[in-house]
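Chains as they are written, first to last, in full-length UniProt numbering: chain A, 1 to 253; chain B, 1 to 253.
Protein chains: 2
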Amino acid sequence: MATGRTHRPATRSRGIPEATVARLPLYLRALTALSERSVPTVSSEELATAAGVNSAKLRKDFSYLGSYGTRGVGYDVEYLVYQISRELGLTQDWPVAIVGIGNLGAALANYGGFASRGFRVAALIDADPAMAGTPVAGIAVQHTDDLDRIISENGVSIGVITTPPGAAQQVCDRLVAAGVTSILNFAPTVLSVPEGVDVRKVDLSIELQILAFHEQRKAGEDATAEDEGAPPMRATPTGRKGPDGDMPAVMPA
Amino acid sequence: MATGRTHRPATRSRGIPEATVARLPLYLRALTALSERSVPTVSSEELATAAGVNSAKLRKDFSYLGSYGTRGVGYDVEYLVYQISRELGLTQDWPVAIVGIGNLGAALANYGGFASRGFRVAALIDADPAMAGTPVAGIAVQHTDDLDRIISENGVSIGVITTPPGAAQQVCDRLVAAGVTSILNFAPTVLSVPEGVDVRKVDLSIELQILAFHEQRKAGEDATAEDEGAPPMRATPTGRKGPDGDMPAVMPA
DNA sequence: CAATCTTTGTGCACGCGTTCACAAAGACAT
DNA sequence: ATGTCTTTGTGAACGCGTGCACAAAGATTG
């Protein structure tokens, strides 16, 4: 989607697969840890284990970046750290604005994982007037009314939404209007954004529900194997349920 | 992986694709909203739009669950809510334990999104003795020493790890030993768990880095198109960098 | 009852991502 | 310099997920 110009000369020039991009931060973290322990080189096998992936996958991922690495030896840790950082755009500073300073927003503001990499919390924004001026994580909260100005003045291009779901879309629209082109959404809402704006969502509730699914499957593996393995009954062929909103009426038990 | 018995009669009996499972919570959320507005039926097109997916994908997803839905009409909202809830295992109660009551852990404990579905915060656990007894979100924090007992007594099978990265693996091991078989990990660490234990990770830092990558790509699309489009130089063919940890020395600028 | 119209359910093709397996490349020893 | 040994980089096969496009199903109307 939106590959930009399709007439690029080299096919693989900027063609780093999404799946690979998503793993680069993992490699970077593992490499940083090695770097701090002053390990000079690392093999694909070792690094893969540290990052929790397959070694073949790791090598293929790196092959998209170029042929760093020395056969028979492995990869130069410092060199790779730099290359991946550069590829991810972490050699520059990314001012980030957090909108919605509730429990979660405040927790994120206090989270140390930002500054370590190229990210910097540039502004905290909340709709509650009573909150304006209150310092959170050493930064004074500002009011939503000034959102536009705050984003522009700080050159923020990445926004984090931690508002209640009802306010998320509106905040999103305002962020985009102010110039934000990347959004990390913690609100349980489907955000619609114009072309060219990236949205990633982090949804606690969804993650738990996925876990519950597998958990249920594990539990049903032994006990309810017969009772649950067969389809319960599905759309009753005779007594149809009709469009009138009557209750399920199909519950097996 | 771990399909259990392979000799199941119907091939598609429990064979719901992971990608579909990951979307079911999305559908459920959209359906719940419709249900609250007392909408009796919904077409795949409408529901797909509300959930932010393709309608064909949605129909295929539902086809894995069975043939609910009436041609020419659509899907019965209440009926679908029930079916998906059941499929995800949300008709039962899932006691959840949160380990690591820092900023993030406290925020999650206060988060309302838990109780709404089948999840219930059954215990808060922290390693800080000074914290024991302190109520957070109306629940007294308990000490890590009692982790085993707490998990067993409450029948917790889903654990949430919000500890510092250094403690995550140890906590994970103890949770698993106590009987937890599903873990939601917020710590930036690769957890290793025995077969049969599911781990999902939520990593703020990784999400931001992925956004930064795309953001950089967008910015480089116009200005640095020539300067960045071509590979910088890669492993210098003549002056090799050698395994001794010298600095990058490849920076284009 | 027949015709029409809406919407589902799915066969099929395509593209992406993963994994295997191996040749090429270089380090290192003799 | 030659051979051996390690590890990378990648061609190729496979499987999963996605989206198109259409036939089948049923509702609805005349």
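Note that beta-carbon positions come from the ideal geometry of N, C-alpha and C, so glycine has one too. In this text the structure is predicted, and so the values were computed from the model without any measurement.
7 Å CB neighbourhood of residue i in its chain, flanking five on each side removed
i: G15/B; result: none
i: F119/B; result: W94 and V96
i: V42/A; result: L34, G74, Y75 and V77
i: A178/B; result: L147, D148, I151 and S152
i: A168/B; result: I161, N185, A187, T189 and L191
Beta-carbon proximity list for residue i, same chain, < 6 Å, skipping 5 on both sides
i: T91/B; result: S85
i: A137/A; result: A109 and N110
i: E226/B; result: Any reading at E226/B is ruled out, since the residue's pLDDT is 40, under 50, leaving its predicted position unreliable.
i: G133/B; result: A140
i: D126/B; result: I101 and V141
i: G245/A; result: Since pLDDT at G245/A reaches only 31, below the 50 mark, its modelled position is unreliable, and the value read off the structure follows with that caveat. Nothing meets the Cβ criterion.
i: T181/B; result: S157 and V197
i: R200/A; result: L184
Helix, strand or coil at residue i [DSSP, three-state]
i: R120/B; result: strand
i: L191/B; result: coil
i: A106/B; result: helix
i: T41/B; result: strand
i: R86/B; result: helix
i: G159/B; result: strand
i: S55/A; result: helix
i: A127/A; result: coil
i: D203/A; result: coil
i: G74/A; result: strand
i: P165/B; result: helix
Chain B within 8 Å of residue i, Cβ atoms only
i: K218/A; result: yes
i: D128/A; result: no
i: E46/A; result: no
i: A187/A; result: no
i: N154/A; result: no
i: Y64/A; result: no
i: A106/A; result: yes
i: L124/A; result: no
i: E215/A; result: yes
Contacting residues, own chain, Cβ-Cβ under 8 Å from residue i (five flanking each side not counted)
i: I139/A; result: A109, V121, A123 and L124
i: E87/B; result: I16, L24 and L65
i: T162/B; result: I98, V99, G100, I101, G102, L104, G105, L108, F186 and A187
i: T32/B; result: V81
i: P165/B; result: A187, P188 and T189
i: P135/A; result: V141
i: R71/A; result: none
Neighbour flag for residue i against chain A, beta carbons, 8 Å
i: G100/B; result: no
i: R37/B; result: no
i: residue 295/B; result: Any property of residue 295/B remains undetermined from this structure, which presents chain B solely from 1 to 253.
i: residue 306/B; result: One cannot answer for residue 306/B here, as it falls past the ends of chain B, which runs 1 to 253.
i: S205/B; result: yes
i: T181/B; result: yes
Integer-rounded CB distance, given that residue j should sit under 8 Å from residue i
i: L211/A; j: I206/B; result: Not really, about 19 Å apart at Cβ, beyond 8 Å.
i: residue 258/A; j: Y27/A; result: Because chain A is modelled from 1 through 253, residue 258/A falls outside the range shown and cannot be assessed.
i: L208/B; j: L184/A; result: 6 Å
i: A56/B; j: A30/B; result: With 8 Å as the limit, A56/B and A30/B do not qualify as a contact, their Cβ atoms being about 17 Å apart.
i: S113/A; j: Q216/B; result: Residue identity differs from the one stated: residue 113/A is Gly in this sequence, not Ser. So it is not a contact: roughly 19 Å between Cβ atoms.
i: F213/B; j: V21/A; result: 5 Å
i: F62/B; j: G69/B; result: 7 Å
One or two residues paired with residue i in a DSSP bridge
i: P135/B; result: A140/B
i: S182/A; result: I158/A and D198/A
i: P95/A; result: R120/A
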